[in-house]
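In the working numbering, the protein residues as written are 3 to 254. Note that beta-carbon positions come from the ideal geometry of N, C-alpha and C, so glycine has one too. Remember, it's a predicted structure, so these values are computed and weren't measured experimentally.
Laid out in structure tokens, this is it:
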């Protein structure tokens, strides 16, 4: 029965972690460039089940009959870097990358990478994110734009009133899951220099939306909630059985 408690309790903890990740994804469904969080699960501790060959353990060799699992546990969260759908906005400073690349952003904590292309021109003429972080060019410097009509080529070249005004600094990673860590909901940090060769194409007047599917998230949330409730019921049942067993032993 103790093993039953372990299994049910571990299921509650694992589903609680999954529920938190799903809630985070749902909260960011309308956040451009957001990459959903995944919570993989694996078997919890397994114990060996051993029994004697004969009716008693006296002078009898033992036989291994298999492993008994003690439930499930949630592994560290992972990020799904697949592309999200593109949504047309018509705004000249809204940009999206079709492909594996990231925009390079300068923050107080160092260079960061993002797929959120909601940019604007600040009072000093710098191309910045919604949070005011400078967008970097191919040389790793902030991009300063003169006033005028902005057009962006597929390779990230910036033109203002038909005149070249810089080029977006784009980066990609051969294995983003291993090379990137989430810094903020829409920013990622890298331990080293970008390693990818393919960057992708820049599209103007569109935004990449979150790569999470609302219907799938709601279905998963319902399933996780029901699984948590079922595990909770099992904990209660196991506790009641354990209490009855202890009471019966005390009466012997």
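Q) Do you know offhand how far residue 12's Cα is from residue 209's? A) 40 angstroms
Q. Who are the near neighbours of residue 67 in its chain, counting only those whose CB is closer than 6 angstroms to its CB and skipping five residues on each side?
A. 51 and 53
**Q.** Separation of residue 217 from residue 20, as counted between CA atoms
**A.** The alpha-carbon of residue 20 is positioned some 16 angstroms away from that of residue 217.
Q. Starting from residue 4 and walking both ways along the alpha helix (DSSP H), at which residues does that stretch end?
A. 4–29
Q: Would you mind working out which of 126, 206 and 131 sits nearest residue 161, comparing C-alpha positions?
A: 206
Q. Quick one: is residue 224 buried, meaning 16 or more other Cβ sit within 10 Å of its Cβ, or exposed?
A. exposed
(Q) Need the endpoints of the alpha helix (DSSP H) that residue 180 sits in, please. (A) 178–181
Q | Best match in 177, 211 and 214 for proximity to residue 196 [C-alpha to C-alpha] | A | 177
Q) residue 77: buried (16+ other C-beta within 10 angstroms of its C-beta) or exposed? A) exposed
Q.
Helix, strand or coil for residue 216? Go by DSSP, reduced to three states.
A. helix
Q. Which two residues bound the contiguous beta strand (DSSP E) that contains residue 114?
A. Note, residue 114: beta strand (DSSP E), 112–116.
Q | Those residues which DSSP pairs with residue 144 across a bridge | A | Assignment of beta-bridge partners to residue 144 by DSSP yields 138.
Q) When you compare only the Cα positions, how much space is there between residue 151 and residue 95? A) 10 angstroms
Q | Backbone CA spacing between residue 226 and residue 235 [nearest angstrom] | A | 14 angstroms
Q | Delimiting residues of the beta strand (DSSP E) encompassing residue 107 | A | Per DSSP, residue 107 is one residue of the beta strand (DSSP E) stretching across 104–109.
Q: Using three-state DSSP, classify residue 222 as helix, strand or coil.
A: helix
Q) Looking at the C-beta of residue 244, does it have a partner C-beta in chain D at a distance below 8 angstroms? A) Protein chain content of the structure displayed is limited to a single chain, and chain D is not contained in it.
Q: Report yes if the C-beta distance between residue 169 and residue 144 is below 8 angstroms; otherwise report no.
A: no
Q) Is residue 153 helix, strand or coil by DSSP? A) Taken through DSSP and simplified to helix, strand or coil, residue 153 comes out as strand.
Q. From residue 93 to residue 232, what distance separates their C-alpha atoms?
A. 49 angstroms
Q: Please work out which residues of its chain come closer than 7 angstroms, Cβ to Cβ, to residue 187, disregarding the five sequence neighbours upstream and downstream, and give them in chain order.
A: 30, 33 and 36
Q: Within its chain, find whatever has a CB closer than 7 angstroms to the CB of residue 158; leave out the 5 residues flanking it on each side and keep chain order.
A: 169, 170, 172 and 204
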